[in-house]
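Read through the structure below, which is laid out as structure tokens, and then see the notes.
Chains as they are written, first to last, in the working numbering: chain V, 32 to 216; chain R, 79 to 247.
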């Protein structure tokens, strides 16, 4: 009987310690979530809109010195959508690329898809990555029933909880181009 | 007699342990209260950082605009920003107070990343300091970054950069 009582006492102590630890863990996990959510939500859309607006200052072939310098979104990405078949050997497999494929803009001598990938990767790297955020940018071209992801830029990617910039659609001659940026911690 | 003494010692022992447990509980509660207070302070500072960032982002003195058209979101007009920076740092006390009521103790700057600004050093982009009122002896500070497009009408087109807001408590 005495042994049973002692056992009960031990069980109660273990339960109390567990409840205490759970209580502490709950408070520790609540840490600064409020700001992170705000920052991520606004950050995703402002980053994508700023990236797509940015004007390219590098020489872009015959377009050097033209009245309006090309924009990363409206010009370079649109050109990439038009000429992506020239760049990817197989559009469903983005690993095999052909840097000598034709594109209207050839900034720094690169195909517009390659230039967009490099430049936007660099810009996101010096901001979001520098601030410890993970991200995933995708540009998808919709042509009737067909869907091709022509650009993917990521820092570890965001498979779990993430915030989206929303879709940034651009109507091109090749179809509807939808760009989206996901940001997560 | 001896049995009663043993019982008494036992009771004293139990009470001793009981008081030690209560003391431990009180110490733990005090520590937790201190932690919770610091946490609350941090949350308040973060909320202020968010509010200050939003105020700066939507400040008409900075937003890109064209005539009577609606202002562009997430865009800072660099000509306006330069002019505002000069305006706040001058000796106009009334103006400084007006902006202090908006931003309190904070430092707000704009950094241009692409294309690199002419003022940049080799390794660091030079920030344009718009508002600088740091607290002399601050307990903590909170940094918030926000990516924005920067428009400069004298050059044309948009640059890529970010707004940095530091608030102090």
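Even for Gly, the Cβ is constructed at its ideal location relative to N, Cα and C.
Since the model is a prediction, treat every value here as computed from it, not as a measurement.
Of the candidates 82/V, 56/V and 191/V, the residue whose Cα lies closest to the Cα of residue 147/V is 82/V.
When secondary structure is reduced to three states using DSSP, residue 169/R falls in the coil class, being assigned neither helix nor strand. Restricting attention to 226/R, 184/R, 190/R and 204/R, the CA atom closest to the CA of residue 214/R is found in 184/R. Comparing C-alpha distances from residue 227/R to each of 106/V, 154/V and 128/V shows the shortest one belongs to 154/V. For residue 85/V, a Cβ of chain R is located within less than 8 Å of the residue's own Cβ.
Secondary-structure assignment with DSSP links residue 101/R through no beta bridge to anything. Proximity of residue 53/V to chain R, defined by a Cβ-Cβ separation below 8 Å, is not satisfied.
DSSP places residue 116/V outside any beta strand (DSSP E); the residue lies instead in the alpha helix (DSSP H), whose first and last residues are 109–118.
When CB distances to chain V are screened at a threshold of 7 Å, the residues of the segment 213–228 of chain R falling below it are 222, 223, 224, 225, 226 and 227, in chain order. Neighbours of residue 157/V across chain R, judged by C-beta separation under 7 Å: 191.
Under the DSSP assignment, residue 136/R falls outside any beta strand (DSSP E); it carries neither an H nor an E label. DSSP, read as helix, strand or coil, puts residue 184/V in strand. Residue 237/R is classed as buried because its beta carbon has at least 16 other beta carbons within 10 Å across all chains shown. CA-to-CA, the gap between residue 186/R and residue 210/R works out to about 6 Å.
Residue 104/V carries a helical assignment under DSSP once its states are collapsed to helix, strand and coil. By the 16-neighbour rule on beta-carbons within 10 angstroms, residue 54/V is exposed. With 16 or more other CB atoms across the displayed protein chains lying within 10 angstroms of its CB, residue 242/R is buried. For residue 239/R, the closest C-alpha among the options 35/V, 84/V, 34/V and 46/V is that of 84/V.
A distance below 6 Å between beta-carbons, with the five flanking residues on each side excluded, links residue 179/R to no residue of its chain. For residue 235/R, the chain V residues whose Cβ falls inside 7 Å of its Cβ are 86 and 100, in order along the chain. Look at residue 232/R here: in three-state DSSP terms it is coil, with no helix or strand label. Nearest to residue 162/R by C-alpha distance, out of 114/R, 102/R, 108/R and 207/R, is 207/R. Residues of the same chain with a CB within less than 6 Å of the CB of residue 187/V, apart from the 5 flanking positions on each side, are 165 in chain order. In the three-state reduction of the DSSP assignment, residue 155/R falls in the strand class, which pools E and B. Residue 130/V places its beta carbon less than 8 Å from that of residue 145/V.
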